[in-house]
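Trainee:
In the working numbering, the protein residues as written are 301 to 454.
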């Protein structure tokens with residue numbers, strides 16, 4: 301298929317094509333991490349959505365979005381880096397340097413979202429801890445997201 305677009309969109313055109321979720325819904329979503337457990341390099345956690353937005357164009361209702369997924373995983377990676385570094389409180393800045401998401405099957409359950417986060421590598425570069433985690437996020441209905449994050453604690 302060839303695209304020979306030569307088009308300029310007006311503000312009304314942009315509004316008509318825009319996602320209501322990205323414009324408004326994302327601001328309504330909220331989540332919380334309910335439990336975290338460490339076993340070696342593996343962090344397991346349970347999270348839930350405390351406020352959701354249902355897209356009017358999704359006939360099946362709620363689905364966990366890339367934005368909430370990234371926020372939850374970033375927070376857990378921050379916790380993992382701090383614990384790995386031996387800290388009991390957030391006392392350093394953490395930066396996500398890279399992330400890759402693979403959405404295998406949509407997560408539609410807002411409660412009891414399970415996360416497994418394995419720190420597969422970490423190293424110290426001076427006083428900076430650099431780490432890589434492999435993550436699996438799932439619900440009880442077969443939803444599955446897989447992610448790899450690389451970050452550092454400065």
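Glycine is no exception: its CB is placed at the ideal position from the N, C-alpha and C atoms.
Counting only the same chain and skipping the five closest in sequence on each side, list residues whose C-beta sits under 6 Å from that of residue 407.
Mentor: As a first step, residue 407 must be located in the chain shown, where it is residue number 107. Contacts found: 364, 439 and 443.
Trainee: In this structure, does DSSP put residue 385 in helix, strand or coil?
Mentor: Along the chain shown, read from residue 1 onward, the residue named residue 385 stands at position 85. Residue 385: coil per DSSP, three-state reduction.
Trainee: Residue range of the beta strand (DSSP E) that residue 317 falls in?
Mentor: On the chain shown, residue 317 is found 17 positions in, with the first residue counted as 1. From DSSP, residue 317 is part of no beta strand (DSSP E) but of the alpha helix (DSSP H) over 311–317.
Trainee: According to DSSP, what are the bridge partners of residue 438?
Mentor: Translated into positions along the chain shown, residue 438 becomes position 138. Answer is 414 and 444.
Trainee: Suppose you measure from the CA of residue 392 to the CA of residue 403; what does that come to, to the nearest Å?
Mentor: Within the chain shown, the letter at position 92 stands for residue 392. Within the chain shown, the letter at position 103 stands for residue 403. The straight-line gap from Cα to Cα measures roughly 31 Å.
Trainee: Give me the DSSP bridge partner(s) of residue 400.
Mentor: Residue mapping note: residue 400 aligns to position 100 of the chain shown, counting from 1. Note: residue 400 sits in a beta bridge opposite 448.
Trainee: Hey, quick one: how far does the alpha helix (DSSP H) through residue 320 stretch, first residue to last?
Mentor: Sequence index remark: in the chain shown, residue 320 carries index 20 (1-based). Where residue 320 is concerned, the enclosing alpha helix (DSSP H) stretches over 320–323.
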